[in-house]
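For reference, the structure is listed below as structure tokens.
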Amino acid sequence: MLDTLLSHAAFLKQTGDEPGLAERERELLQARLSLPPGGESVAPAAQLPLHEATPPALLRLEELYNSELEEAARLTLRPLQYDLLDSNETRMPNAALEVGRTELAVSDESVRLRRLSLFHITNLHATSVPLTALPGGAWHASGGCLEGQMTLLAATCLLRCLAASWPRRYS
6 MLDTLLSHAA
16 FLKQTGDEPG
26 LAERERELLQ
36 ARLSLPPGGE
46 SVAPAAQLPL
56 HEATPPALLR
66 LEELYNSELE
76 EAARLTLRPL
86 QYDLLDSNET
96 RMPNAALEVG
106 RTELAVSDES
116 VRLRRLSLFH
126 ITNLHATSVP
136 LTALPGGAWH
146 ASGGCLEGQM
156 TLLAATCLLR
166 CLAASWPRRY
176 S
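Residue numbering for the sequence shown follows the numbering used here, beginning at 6 and increasing consecutively.
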């Protein structure tokens, strides 16, 4: 709590329009220093096997309203996913994976496919894997289609797969 208040005081100090801030900040620092020293660090938890990790599936139903669909619902299905912020030790760090994401718009008149993502892979730290064949930079590959582009699905997937196999370096 004290750390949060001190952080807020530091923010207010930057704006420079808070009278008496220095005195309050001094009181907060004194209160913080009067606390007993912290205990020992918490030991890290045992690493989970991949099959026992957080379930990566998603089933979501959302209500939406827009001028095209008027009142409708969006159903999102995703059998496999982990993102860049996933702190699970069983996942590759600095990488994101999404497989089979499907979004449907459901209205009284129709069910429309809004998005079909076969795969979506991002790796921001390829050098964490010590293989000389891998490029040293970040890479991304995806394949799928959006609404209205169903006829381009095969060509899009082929072009994206070819583009993903061509190494790029980012500095």
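We treat Cβ as the ideally placed atom computed from N, Cα and C, and that holds for glycine.
- Task: Give me the Cβ distance between Thr100 and Asn128, rounded to the nearest whole Å; I'm assuming they're in contact under 8 Å.
- Result: Residue identity check: residue 100 is Ala in the sequence provided, not Thr. About 5 Å separates the two Cβ atoms, so the contact holds.
- Task: Compute the Euclidean distance between the alpha carbons of Leu69 and Arg31, then round it to the nearest angstrom.
- Result: 50 Å
- Query: Taking Cβ to Cβ, would you say Leu80 is nearer than 8 Å to Ala36?
  - Reply: no
- Item | Per DSSP, cross-strand counterpart(s) of Ser122 | Arg106, Gly149
- Message: My output table needs one value for Leu66: the three-state DSSP class, helix, strand or coil.
- Response: strand
- C-alpha distance - Asp22 paired with Leu33, whole-angstrom precision: 19 Å
- For the alpha helix (DSSP H) that contains Arg31, what are its first and last residues? 26-38
- Task: Consult DSSP for Leu7 and reduce its assignment to one of helix, strand or coil.
- Result: helix
- Task: Taking Ala77 as part of the beta strand (DSSP E), name the residues at either end of that continuous run.
- Result: 75-83
- What is the DSSP secondary structure of Ala143, counted as helix, strand or coil? coil
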